[in-house]
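Please read the structure below before turning to the comments.
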């Protein structure tokens, strides 16, 4: 009888412990990471929580949103009719000089944002740079250095003031034939921000979205620990130039080493001047930290196109916009708001205060 | 068997059971440090362990577009050949740290080195 009671005690103890462990395991936070190739890059979404099914569902919805923005803004679709029909950008470009095109709300917002920064940067940032991009052959099979007269012709078609946005009709119109939009500087960041909003709406509190260096974090890494985001050394890809501590923020970098083409042994990057049509050489890289990934993406390009001092002054006028900039002569400049949020540890070739 | 023996046996059995339950929940298949992970269309297709003095090795990977050849030497890895038009992945050359990733968008192949990372993500 005594034996029986002892066994009973031990078995029930085991049961209680076992159940306890199962509950403990289920309340443990887990990471769910999914990757997809979208918008010409690898997009990864990491979400954290106790319920994997829930995370899975939220992640799927976020990817759906990125895919939707990608389809809407695609400039070079795969050779299928449906892809072309889905893209508002292709339709706007095809109808340049012909008639306005009614566009999706998100495309309209992107164009408004782009136009606002075109004004603010006095024309330096321009999403109607399409004809010049095409001339060089960015995103196309064949690349070449354009001649001066070719450039002149293409540059005459670059003018955001000729992009007519009609708020009531929700339409966009390039009012000169041959004009072309290129949303390469906005779309990825915008898509990342929309994905973050989807995750937030679904109830995900902690996540990291990374679309090829376009990064948006939700929440913190741990209770007392922000997310640690490395900034790649622009000249030594295996090294980090600095580490940012972020929470509920976005960071995007534009660099002269990304999306380059080689012509006759020379390297050209894709951040072209709306004045000269040539790659802009004031900066090596510009990293922007803000709350909103769309703004971060757009600004990283816009600031890259400005001279370093001008870029910093411009950023200082904006609300909650922080910048890390590497100038052409390898000087690292940081906006004052980054103090305490960045740990710089650049290689010897760089200088900073 | 004395009663103490029986108690001991039961306790041991219980510990065994608990360890079993514990391990079921806590050992997810994990990639251990300094391994090369190769993914195609988001799925891991190959994991290679890298020794510091390992000789040159080549592997064929079947990507979405076609066959690619991956080369490893010591703790470095590179894409030697890929069926993509831009050849960005091949031109990138060797990678040797966890912060670097070789991504071939057209072929949907990702190669990275898995080790304890100091950052959660990298921008650049």
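Protein chains in written order, with my numbering: chain A, 1 to 353; chain B, 1 to 124.
All C-beta atoms in this analysis are idealised placements derived from N, C-alpha and C, irrespective of residue type, glycine included.
Backbone CA spacing between residue i and residue j [nearest angstrom]
i, j, result
"residue 43 of chain B", "residue 45 of chain A", "14 Å"
"residue 352 of chain A", "residue 332 of chain A", "5 Å"
"residue 310 of chain A", "residue 115 of chain B", "40 Å"
"residue 14 of chain A", "residue 18 of chain B", "8 Å"
"residue 29 of chain B", "residue 31 of chain A", "Summary for residue 29 of chain B: the model assigns pLDDT 44, below 50, so the residue's position carries little reliability; its value from the coordinates is reported in the next sentence. Roughly 14 Å separates the two Cα atoms."
"residue 329 of chain A", "residue 347 of chain A", "14 Å"
"residue 159 of chain A", "residue 123 of chain A", "8 Å"
"residue 136 of chain A", "residue 145 of chain A", "6 Å"
"residue 267 of chain A", "residue 93 of chain A", "28 Å"
"residue 210 of chain A", "residue 73 of chain A", "19 Å"
"residue 38 of chain B", "residue 338 of chain A", "36 Å"
"residue 13 of chain B", "residue 109 of chain B", "47 Å"
"residue 252 of chain A", "residue 20 of chain A", "44 Å"
"residue 85 of chain B", "residue 141 of chain A", "8 Å"
"residue 242 of chain A", "residue 215 of chain A", "15 Å"
"residue 180 of chain A", "residue 104 of chain A", "18 Å"
"residue 193 of chain A", "residue 22 of chain A", "36 Å"
"residue 298 of chain A", "residue 28 of chain A", "38 Å"
"residue 90 of chain A", "residue 99 of chain B", "36 Å"
"residue 12 of chain A", "residue 34 of chain A", "41 Å"
"residue 271 of chain A", "residue 281 of chain A", "9 Å"
"residue 43 of chain A", "residue 60 of chain A", "12 Å"
"residue 15 of chain B", "residue 6 of chain B", "14 Å"
"residue 32 of chain B", "residue 8 of chain A", "Note on residue 32 of chain B: pLDDT 45, under 50, position unreliable in the model; the coordinate value appears next. For residue 32 of chain B and residue 8 of chain A, the distance between alpha carbons rounds to 42 Å."
"residue 317 of chain A", "residue 323 of chain A", "12 Å"
"residue 112 of chain B", "residue 152 of chain A", "43 Å"
"residue 222 of chain A", "residue 121 of chain B", "15 Å"
"residue 22 of chain B", "residue 269 of chain A", "53 Å"
"residue 46 of chain B", "residue 71 of chain B", "13 Å"
"residue 89 of chain B", "residue 83 of chain B", "10 Å"
"residue 263 of chain A", "residue 257 of chain A", "15 Å"
"residue 97 of chain A", "residue 106 of chain A", "23 Å"
"residue 344 of chain A", "residue 149 of chain A", "44 Å"
"residue 51 of chain A", "residue 58 of chain A", "11 Å"
"residue 236 of chain A", "residue 197 of chain A", "34 Å"
"residue 134 of chain A", "residue 147 of chain A", "13 Å"
"residue 143 of chain A", "residue 260 of chain A", "11 Å"
"residue 61 of chain B", "residue 340 of chain A", "44 Å"
"residue 364 of chain A", "residue 219 of chain A", "Given a span of 1 to 353 for chain A in the structure shown, any question on residue 364 of chain A remains unanswerable."
Cβ separation of residue i and residue j, assumed to be a contact under 8 Å, to the nearest whole Å
i, j, result
"residue 315 of chain A", "residue 303 of chain A", "6 Å"
"residue 277 of chain A", "residue 154 of chain A", "6 Å"
"residue 108 of chain A", "residue 170 of chain A", "6 Å"
"residue 290 of chain A", "residue 349 of chain A", "Actually they are not in contact, since the Cβ atoms of residue 290 of chain A and residue 349 of chain A sit about 28 Å apart, beyond 8 Å."
"residue 187 of chain A", "residue 39 of chain A", "7 Å"
"residue 48 of chain A", "residue 168 of chain A", "43 Å between Cβ atoms; not a contact."
"residue 36 of chain A", "residue 63 of chain A", "6 Å"
"residue 163 of chain A", "residue 111 of chain A", "7 Å"
"residue 212 of chain A", "residue 41 of chain A", "3 Å"
"residue 234 of chain A", "residue 166 of chain A", "Contact doesn't hold; Cβ gap of about 41 Å is too wide."
"residue 157 of chain A", "residue 178 of chain A", "5 Å"
"residue 114 of chain A", "residue 132 of chain A", "With a Cβ gap of about 16 Å, residue 114 of chain A and residue 132 of chain A do not count as contacting."
CB of residue i within 7 Å of CB of residue j, strictly
i, j, result
"residue 92 of chain B", "residue 102 of chain B", "yes"
"residue 107 of chain B", "residue 65 of chain B", "yes"
"residue 74 of chain B", "residue 40 of chain B", "no"
"residue 96 of chain B", "residue 76 of chain B", "yes"
"residue 238 of chain A", "residue 129 of chain A", "no"
"residue 217 of chain A", "residue 246 of chain A", "yes"
"residue 195 of chain A", "residue 116 of chain A", "no"
"residue 80 of chain B", "residue 69 of chain B", "yes"
"residue 125 of chain A", "residue 325 of chain A", "no"
"residue 10 of chain B", "residue 10 of chain A", "yes"
"residue 300 of chain A", "residue 254 of chain A", "yes"
"residue 295 of chain A", "residue 124 of chain B", "no"
"residue 342 of chain A", "residue 244 of chain A", "yes"
"residue 119 of chain B", "residue 230 of chain A", "yes"
Any non-hydrogen atom of the ligand ADP within 6 Å of residue i CB
i, result
"residue 8 of chain B", "This structure lacks the ligand ADP; in fact it carries no ligand of any kind."
- What residue ranges within the stretch 53 to 124 of chain B form continuous beta strand (DSSP E) runs of no fewer than 3 residues, ordered along the chain? 57 to 62, 67 to 73, 76 to 81, 101 to 104, 109 to 114 and 121 to 123
- Query: Is the stretch 61 to 77 of chain A touching the stretch 220 to 235 of chain A, taking contact as three or more C-beta pairs under 8 Å?
  - Reply: no
- Message: Could you check whether the stretch 165 to 175 of chain A touches the stretch 280 to 298 of chain A, counting it as contact only if at least three pairs of C-beta atoms, one from each stretch, sit closer than 8 Å?
- Response: no
- Message: Measuring CB atoms only, is the stretch 195 to 213 of chain A touching the stretch 84 to 96 of chain A, in the sense that at least three cross pairs come out at less than 8 Å?
- Response: no
- Whole alpha helix (DSSP H) runs in the stretch 16 to 93 of chain A with 4 or more residues, listed along the chain? 52 to 73 and 81 to 86
- Query: Quick one: complete beta strand (DSSP E) runs, 3+ long, within the stretch 242 to 313 of chain A?
  - Reply: 250 to 255, 260 to 263, 266 to 269 and 283 to 290
- Task: Counting only runs of 3+ residues fully inside the stretch 93 to 129 of chain A, write out the beta strand (DSSP E) ranges in chain order.
- Result: none
- What beta strand (DSSP E) runs, 3 residues minimum, are completely inside the stretch 155 to 224 of chain A? 163 to 166, 171 to 174, 206 to 211 and 214 to 218
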